[in-house]
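Enquirer: Here it is, the structure, as structure tokens.
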């Protein structure tokens with residue numbers, strides 16, 4: 009049975025959920041989105057995601073056409089209709105059907121649910137390798153649909169044997185295309201970039217979790233700090249906490265999953281637990 | 009009567025021409041396009057546009073799924089079906105229906121025709137004002153669908169009383185979002201940026217037209233050169249040649265449409281004439 013998708017105020021089967029080719033996402037790559045997960049049918053950190061969704065929409069001058077209460081009702085109706093317990097839900101808001109293919113029009117709002125496995129373990133089970141690349145996302149503090157460079161880089165990642173890319177500008181670390189970056193210094197300070205990044209909800213939850221238990225700094229983090237780092241990990245709604253044991257072929261710390269990544273992962277897992285079963 | 013659109017190999021009415029929401033243009037802003045005009049039913053500089061279309065597709069690792077002969081057949085069938093004499097034809101190639109919303113899939117090819125008036129005069133009838141903005145397009149030498157910053161800037165343009173934006177990085181001029189930039193120096197050398205830009209077909213035709221009749225240079229052009237410039241104009245398939253008489257509120261030359269812009273415009277008009285009436 010196909011699942012359903014909201015396209016504006018219509019609930020339609022996924023294989024019919026479409027936008028006309030005049031939409032500014034298709035014509036001009038113009039749109040924003042947000043993405044949250046559900047555990048046991050319950051949205052996780054929904055209000056935080058909706059805060060960011062409305063912030064992104066306003067920053068890009070897009071009117072969602074619904075307020076928070078109406079959007080929650082629509083999300084609730086979609087979850088009930090589909091009955092998928094553990095999922096990712098994506099809210100996409102595009103530039104709409106522009107008469108001249110350039111000026112903003114009434115945005116189109118798409119709400120789409122997909123299967124997403126909940127992590128089976130509170131502790132990270134694998135680590136990844138990053139490749140650095142000199143790039144800063146356009147309008148980096150807004151969750152736009154712009155992943156042009158990230159997708160374009162995929163063959164290069166495979167060629168270099170890396171799992172993901174780490175953007176930097178002039179040696180100042182920004183973020184991975186879909187994740188935030190954390191580094192534990194040799195003095196056990198947990199640092200993370202504070203500007204020119206998309207501030208993830210998981211990043212926020214990490215900072216909340218470690219508050220008072222570990223020194224933290226939101227500041228410029230340099231590529232040069234990688235060589236002396238005790239640990240590195242990245243975070244996202246989908247990926248949770250993923251330890252990084254190699255950057256550009258150079259080992260981070262002792263090359264193994266570190267205790268802080270493990271602790272942070274378990275702590276986040278615990279904090280999200282009320283949203284679902286364990 | 010609605011006109012028709014090719015979506016892959018299907019000719020469908022425009023009000024049904026759509027892509028499923030899983031397409032990477034909608035999900036990730038990933039796609040390329042090209043745009044040519046027809047005069048009296050005849051495509052203008054079609055081969056040049058198709059060269060660039062296939063170049064953009066290859067650069068973004070997108071397989072058009074048709075070769076040049078097949079694409080021309082499809083364009084021909086569309087033009088015949090619609091019977092719109094003076095038009096713009098847009099070829100859009102997207103990242104396709106990605107199973108994971110991130111990896112490239114089989115691209116979708118959309119061919120869409122819209123009304124476009126042929127200029128009524130060989131000489132420019134109006135001039136415009138530009139506003140400068142520090143920005144370099146991502147992958148600037150590829151005609152991607154990424155116009156995020158350009159569209160985002162539109163309210164600022166209106167606020168500043170400007171007609172279009174001129175991108176630069178660190179004072180080095182690049183291009184306007186949809187046009188190329190030319191400057192006639194105080195020594196009557198026609199200069200235009202040679203790198204970090206999308207090389208327009210009209211730009212190419214300007215350089216061909218002036219070859220041997222005016223000194224030209226493809227090189228770094230600085231914002232600082234604006235103050236002493238005799239003329240500035242921008243070029244594009246849609247806009248043809250448009251004189252610029254003001255940048256950031258500062259007058260260019262004597263503030264009037266210059267003789268070189270007029271001559272270039274007339275010359276291009278003459279060269280394109282075999283494609284249409286006149």
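Protein chains in written order, with the numbering used here: chain Z, 9 to 286; chain F, 9 to 286. Each residue gets a CB set at the ideal place from its N, CA and C atoms; glycine is no exception. Since this is a predicted model, take the numbers as computed values, not measurements.
1) Identify, in the order they occur along the chain, each residue of the same chain with its Cβ nearer than 6 Å to the Cβ of residue 51 of chain Z, setting aside the five sequence neighbours on each side.
2) Where residue 286 of chain F and residue 160 of chain F are concerned, what is the direct C-alpha to C-alpha distance, given to the nearest angstrom?
3) Hey, is the region 230 to 242 of chain Z in contact with the region 77 to 91 of chain Z, meaning 3+ C-beta pairs nearer than 8 Å?
4) If I measure Cβ to Cβ from residue 55 of chain Z and keep anything under 8 Å in the same chain, skipping five residues before and after, which residues do I get?
5) Starting from the beta carbon of residue 257 of chain F, find every residue of chain Z whose beta carbon is closer than 8 Å, and list them in chain order.
6) Enumerate in chain order the residues of its own chain whose CB-to-CB distance from residue 60 of chain F is below 6 Å, with the five nearest sequence positions on each side excluded.
7) According to a CB-to-CB cut-off of less than 7 Å, which residues of the region 134 to 146 of chain Z neighbour chain F?
8) With residue 81 of chain F as the anchor, note down where its beta strand (DSSP E) starts and where it stops.
9) Excluding five sequence neighbours on each side, which residues of the same chain lie with their C-beta closer than 6 Å to the C-beta of residue 280 of chain Z?
10) Taking a contact to mean a Cβ-Cβ separation below 8 Å, would you say residue 58 of chain Z touches residue 82 of chain Z in this structure?
11) Which stretch, first to last residue, makes up the beta strand (DSSP E) that contains residue 175 of chain F?
12) Could you spell out where the alpha helix (DSSP H) holding residue 55 of chain F opens and where it closes?
13) Which residues in the same chain as residue 84 of chain F place their Cβ atom closer than 7 Å to its Cβ, once the five residues preceding and following it in sequence are excluded?
14) Along the beta strand (DSSP E) that carries residue 38 of chain Z, what are the first and last residues, could you check?
15) Compare the C-alpha of residue 162 of chain Z against each of Z:151, Z:174, Z:49 and Z:152 and name the closest.
16) Three Cβ pairs or more, each shorter than 8 Å: is that satisfied between the region 256 to 268 of chain F and the region 109 to 122 of chain F?
17) Within the same chain, show all residues whose beta-carbon is closer than 6 Å to that of residue 5 of chain F, passing over the 5 residues directly before and after it, in chain order.
18) Taking residue 182 of chain Z as the reference, give the member of Z:199, Z:246 and Z:217 with the closest Cα.
19) For residue 135 of chain Z, which residues of its own chain have a beta-carbon under 6 Å away from its beta-carbon, when the five flanking residues on both sides are left out?
20) 8 Å is my cut-off, CB to CB: does residue 121 of chain F come that close to chain Z?
21) In whole angstroms, what separates the C-alpha of residue 247 of chain Z from that of residue 97 of chain Z?
22) Between the C-alpha atoms of residue 109 of chain Z and residue 63 of chain F, what's the straight-line distance to the nearest angstrom?
23) Please identify, using Cβ separations under 9 Å, the residues of the region 22 to 42 of chain F that lie next to chain Z, in order along the chain.
24) Within the 8 Å Cβ cut-off, does residue 68 of chain Z reach chain F?
25) Kindly indicate which residue of Z:166, Z:214, Z:95 and Z:69 has the alpha-carbon position closest to the one of residue 111 of chain F.
26) On the three-state DSSP scale, how would you describe residue 51 of chain Z?
27) Sorted by chain position, which residues of the same chain lie with C-beta nearer than 6 Å to residue 235 of chain Z's C-beta, five sequence neighbours on each side aside?
28) Please state whether DSSP places residue 277 of chain F in a helix, a strand or coil.
29) Quick check on residue 167 of chain Z: does DSSP put it in helix, strand or coil?
30) Thinking C-alpha only, which one of Z:48, Z:78, Z:38 and Z:80 is nearest residue 70 of chain Z?
31) Closer than 7 Å, Cβ to Cβ, to anything on chain F: give me those residues from the region 173 to 207 of chain Z, in chain order.
32) Please classify residue 137 of chain F as buried or exposed, where buried requires at least 16 neighbouring CB atoms within 10 angstroms.
33) Could you say which of F:66, F:224 and F:132 lies nearest to residue 197 of chain F if we only look at CA atoms?
34) May I ask you to list the residues that DSSP assigns as paired with residue 225 of chain F?
35) Which chain Z residues sit within Cβ distance under 9 Å of residue 165 of chain F?
36) What separation, rounded to the nearest whole angstrom, lies between the Cα atoms of residue 237 of chain F and residue 255 of chain Z?
Expert: Based on what the coordinates show:
1) 44
2) Annotation note: pLDDT 38 at residue 286 of chain F (below 50); position unreliable, coordinate value reported separately. Distance between the alpha carbons of residue 286 of chain F and residue 160 of chain F: 39 Å.
3) no
4) none
5) Per Cβ cutoff of 8 Å: no residues; residue 257 of chain F is ~24 Å from chain Z at best.
6) 42
7) 146
8) Taken as a continuous stretch (DSSP letters only), residue 81 of chain F belongs to no beta strand (DSSP E), being part of the alpha helix (DSSP H) at 76 to 90.
9) 52
10) Annotated as distal: residue 58 of chain Z and residue 82 of chain Z, with beta-carbon spacing of 8 Å or more.
11) 172 to 177
12) 54 to 67
13) none
14) Where residue 38 of chain Z is concerned, there is no enclosing beta strand (DSSP E), given that its DSSP letter is neither H nor E.
15) Z:174
16) no
17) In the structure as shown, chain F begins at 9 and stops at 286. Residue 5 of chain F is therefore absent and cannot be evaluated.
18) Answer by Cα proximity: Z:199.
19) 251, 253 and 265
20) no
21) 15 Å
22) 23 Å
23) 22, 23, 24, 25, 26, 27, 28, 29, 30, 31, 32, 33, 34, 35, 36, 37, 38, 39 and 41
24) Yes, contact with chain F.
25) Z:166
26) strand
27) none
28) helix
29) helix
30) For the residues Z:48, Z:78, Z:38 and Z:80, the minimum Cα distance to residue 70 of chain Z belongs to Z:38.
31) none
32) So residue 137 of chain F counts as buried.
33) F:224
34) F:199
35) The contacting residues do not exist; residue 165 of chain F stays about 11 Å from chain Z at best.
36) 48 Å
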